[in-house]
Amino acid sequence: MEILMSEFFQRALAGGILIGITAPLIGLFLVLRRLSMIGDTLSHVTIAGVALGFLLGVYPIAVGLIFAVLASFAIEKLRKAYKSYAELSIAIIMSGGVALASLFFTLGKGYNGDVMSYLFGSIYTLDTTDLTVVGIVTVIVIAVVSIFHKEFFLLSFEEDAAAVTGLPTKILNMLLTVMTALVISTAIKIVGALLVSALLTIPVAVSLLIARSFRSSIILSVIISEIAVIAGLVIAGVWNLAPGATIVLLLIAMLIVIMLGKKGIRA
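Position 95 of the sequence shown, counted from 1, bears residue number 98 in the working numbering, the numbering being contiguous throughout.
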């Protein structure tokens with residue numbers, strides 16, 4: 004149990020708790036807008052940025068964050084260009100992200116081991132800089148969602164109606180997508196690019212099964228996320244398991260239990 008008291012575990016726990024708040028907060032609006040796959044897209048683009056960061060010898064998450072934000076602008080631009088086929092924007096940007104990541108992997112063979120840690124997560128290697136970045140993003144996301152949650156709610160259910168009422172839908176869409184990029188780019192070192200989408204969507208999926216209102220779904224999704232993050236880190240630390248994978252598997256287990264419970268009640 005000494006590992007639970009160690010400094011690196013405390014940093015991991017702090018980072019996990021912060022991402023456990025922001026991921027479902029943003030993920031709820033993505034799920035309601037049927038844009039769940041945007042998490043995978045931006046995580047692939049972020050990995051390309053991380054790989055370039057290692058090549059240039061600069062802070063990888065900073066470069067990944069820039070790539071993710073630029074990709075979020077591109078997604079919104081393409082979504083407007085293909086209104087009837089909005090999912091095309093996600094597919095196009097994901098393809099570009101994978102291509103760039105592959106190119107940078109080829110150019111920086113000596114850094115591939117470091118980049119791989121971002122694919123699967125390396126929460127135990129979080130340092131003070133990482134925690135500072137995650138903390139800043141958490142404050143930004145909470146502030147934006149607190150101020151614009153009603154606007155985001157209307158935008159998620161009926162974008163055309165939101166535009167008719169005079170809401171600046173273009174700005175709100177861009178703001179939400181940029182918030183998503185910020186969360187994903189800071190979360191990949193915690194749960195990994197291959198699993199970050201799960202932290203955005205699965206807590207929301209669980210909350211939607213039991214929530215009675217939009218407000219309760221926000222609260223429940225964050226609670227569910229935090230339970231999985233804290234329990235997952237403790238279990239992974241004690242039994243020497245992969246923390247990102249443990250967190251995601253706990254979320255899936257919670258989803259299955261809730262689904263079975265609801266089915267049993269109906270029966």
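Even for Gly, the Cβ is constructed at its ideal location relative to N, Cα and C.
All values reported here derive from a predicted model rather than from experimental measurement.
Residue 133, buried or exposed, once every other Cβ within 10 Å from all chains shown has been counted against 16: buried
Residue 238 versus residue 244 - alpha carbon distance: 7 Å
Inter-residue Cα distance where the pair is residue 170 and residue 154: 8 Å
7 Å Cβ shell around residue 70 - same chain, five flanking residues per side excluded: 48, 49, 51 and 52
DSSP-derived helix/strand/coil call for residue 218: helix
Identity of the residue in 242, 148 and 249 nearest residue 32 by Cα: 148
Proximity of residue 108 and residue 184 at Cβ, strictly below 7 Å: no
Helix, strand or coil at residue 236 according to DSSP, with G and I counted as helix: helix
Outcome for residue 173 when other beta-carbon atoms lying within 10 angstroms are tallied against a minimum of 16: exposed
Where the alpha helix (DSSP H) containing residue 161 begins and where it ends: No alpha helix (DSSP H) contains residue 161, which DSSP labels as neither H nor E.
Status (buried if at least 16 other CB within 10 Å, exposed otherwise) for residue 249: buried
Cα-Cα separation, residue 57 to residue 191: 15 Å
8 Å contact criterion, which residue 187 and residue 46 should meet: CB distance rounded: 5 Å
Residue 171 - DSSP class collapsed to helix/strand/coil: coil
Straight-line Cα distance separating residue 6 from residue 92: 44 Å
Straight-line gap, residue 8 to residue 242 (C-alpha atoms, nearest Å): 15 Å
Buried or exposed by the 16-neighbour rule on C-beta atoms within 10 Å, applied to residue 257: buried
Pick from 200, 84, 67 and 81 that is closest to residue 255, judged by C-alpha positions: 200
Host alpha helix (DSSP H) of residue 279 (start-end): Any question about residue 279 goes unanswered here, given that the chain covers just 4 to 270.
Three-way DSSP call (helix, strand, coil) for residue 105 in this model: helix
Residue 264 in three-state terms, based on DSSP: helix
Limits of the unbroken alpha helix (DSSP H) element including residue 46: 41-59
Nearest candidate by alpha-carbon position, reference residue 11, set 260, 264, 236 and 252: 236
Straight-line Cα distance separating residue 24 from residue 145: 8 Å
Assigned secondary structure, residue 99 (DSSP; H/G/I helix, E/B strand, else coil): helix
Secondary structure of residue 245, DSSP reduced to three states: coil
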